[in-house]
């Protein structure tokens with residue numbers, strides 16, 4: 015009764031004002047809808063350095079059609095230059111008449127030369143942009159980022175879509191690629207270790223590939239006569255203070271992935287009786303520990319359960335029907351993996367990249383000891399490497 019009496023006492027004007035506010039809020043919001051005729055939907059951006067600033071190559075989505083034969087997403091690449099990345103984005107207005115929209119951007123690619131300087135000079139704009147997704151992938155490429163984004167992929171209509179497929183969960187579990195995102199790379203940059211990593215991309219001509227019609231929006235630019243490309247990302251670029259200082263090859267990238275404990279169903283080669291065999295990782299756990307009692311000590315641990323996947327030679331049928339892994343093979347695998355970890359450590363030492371974030375671990379455990387040992391960890395230390403490789407019984 016009291017509630018009804020209260021409602022009756024509310025003036026009709028308040029109802030009208032409330033209704034007007036609701037209608038205004040409803041009709042002033044685009045609810046995430048995109049007018050494709052007025053918007054440059056940026057799928058990816060490539061950042062290169064110039065003498066005066068930056069060159070930004072924006073890969074913009076262009077619908078191909080709505081029927082089964084012409085559906086999908088093509089792309090057009092627009093290159094702009096300016097003293098800052100913001101200037102480059104602004105230039106898109108004058109070149110296309112479209113409003114740039116970064117909410118769908120899933121890849122930021124740095125050219126090799128741009129990665130030699132502080133990459134956060136180029137990332138500054140994207141960190142400040144509230145519509146930029148934190149989950150956007152970052153990568154470094156061989157040569158110029160603009161050339162890689164403008165290349166015609168043999169896998170997908172847009173090169174960025176083909177590249178981001180390389181960062182799938184299955185690829186990570188194989189141990190062949192170490193992707194990183196805008197959020198995680200930024201945390202590493204501003205952290206105590208000031209070190210980080212990004213996948214390093216290369217592109218290869220795909221001989222004999224048929225033209226897929228990708229990048230049709232480029233018209234008569236001559237792109238369709240260029241050879242189609244495939245992309246590889248088995249190396250890892252090392253960063254210190256935002257600058258690329260080293261490169262982990264394929265096997266050392268696998269060692270890094272194994273230390274993080276992320277490998278499942280990945281493969282690597284060992285030896286048995288002087289012949290190559292391939293082993294599959296069934297279980298993987300890894301660890302990095304720093305002891306700070308008296309003197310700093312680093313321990314790197316690998317533990318793998320493997321099975322025989324393939325031999326490099328023909329074998330009798332009773333061997334083919336078995337996945338038994340001999341002690342000789344397990345010993346070979348242990349030696350090989352330990353060597354990968356040792357070389358990974360040496361590359362990090364030479365480049366002064368605290369890839370395993372040992373300084374951060376020390377700072378969290380003891381700020382006092384961090385002040386004492388920060389100049390010696392990790393580069394003056396020789397780690398203890400504990401590698402265990404076993405097979406399913």
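In our numbering, the protein residues as written are 15 to 407.
Note that CB positions come from ideal geometry on N, CA and C, so glycine has one too.
In this text, all values refer to a predicted model and were calculated from it rather than measured experimentally.
- In this structure, the CA atom of residue 392 is about 39 Å from the CA atom of residue 72.
- Residue pairing for residue 253: DSSP places it in a beta bridge opposite 210 and 258.
- The Cβ atoms of residue 126 and residue 155 sit closer than 8 Å to each other.
- Assignment of residue 365 by DSSP, reduced to helix, strand and coil, places it in the helix class.
- Residue 268 carries a helical assignment under DSSP once its states are collapsed to helix, strand and coil.
- Spatial neighbours of residue 193 in its own chain (CB-CB distance under 7 Å, excluding positions within 5 residues in sequence) are listed in chain order as 151, 181, 186 and 213.
- Shown here for residue 366: same chain residues with a beta carbon closer than 8 Å to its own, the five before and five after excluded, namely 254, 259 and 393 in chain order.
- The beta carbon of residue 303 sits closer than 6 Å to the beta carbons of 313 from its chain, once the five residues preceding and following it are set aside; these are given in chain order.
- Annotation for residue 137: the continuous alpha helix (DSSP H) segment containing it runs 134 to 142.
- Counting C-beta atoms within 10 angstroms of its own C-beta, residue 215 has 16 or more neighbours from the protein chains shown and is therefore classed as buried.
- In summary, residue 305 is exposed, with fewer than 16 beta-carbon neighbours lying within 10 Å of its beta-carbon over all protein chains present.
- Contact check for residue 351 against residue 403 passes: the beta carbons are separated by less than 8 Å.
- Distances from the alpha-carbon of residue 353 to those of 370, 91, 283 and 383 put 283 closest.
- The residue from 373, 91, 190 and 172 with its alpha-carbon nearest to that of residue 311 is 373.
- At the C-beta level, residue 252 and residue 261 come within 8 Å of one another.
- Comparing alpha-carbon positions, the option among 346, 375 and 381 lying closest to residue 401 turns out to be 346.
- Between residue 200 and residue 149, the gap from beta carbon to beta carbon reaches 8 Å or more.
- When 67, 90 and 65 are compared, the shortest CA-CA separation from residue 77 is found for 90.
- Judged by DSSP secondary structure, residue 55 falls within the beta strand (DSSP E) whose first and last residues are 53 to 63.
- If you draw a 10 Å sphere on the C-beta of residue 291, you find 16 or more other C-beta atoms in it, and that means buried.
- In the assembly as shown, residue 389 is an exposed residue. Its beta-carbon has fewer than 16 other beta-carbons within 10 Å.
- Secondary-structure assignment with DSSP links residue 124 through a beta bridge to 61 and 154.
- It is roughly 43 Å from the alpha-carbon of residue 368 to the alpha-carbon of residue 336.
- Between residue 316 and residue 295, the gap from beta carbon to beta carbon reaches 8 Å or more.
- Beta-bridge analysis with DSSP links residue 196 to no other residue.
- Between residue 122 and residue 61, the CB-CB gap stays under 8 Å.
- The closest CA to that of residue 55, considering only 100, 117, 93 and 33, is found on 117.
- DSSP places residue 297 in the uninterrupted beta strand (DSSP E) bounded by 289 to 305.
- By the Cβ neighbour-count rule, residue 171 is buried, with 16 or more other Cβ atoms within 10 Å of its own.
- Residue 64 places its beta carbon less than 8 Å from that of residue 95.
- About 7 Å separates the Cβ atoms of residue 325 and residue 289, confirming a contact at the 8 Å cut-off.
- Counting along the chain, residue 99 sits inside the alpha helix (DSSP H) bounded by residues 99 to 110.
- Counting along the chain, residue 186 sits inside the alpha helix (DSSP H) bounded by residues 183 to 188.
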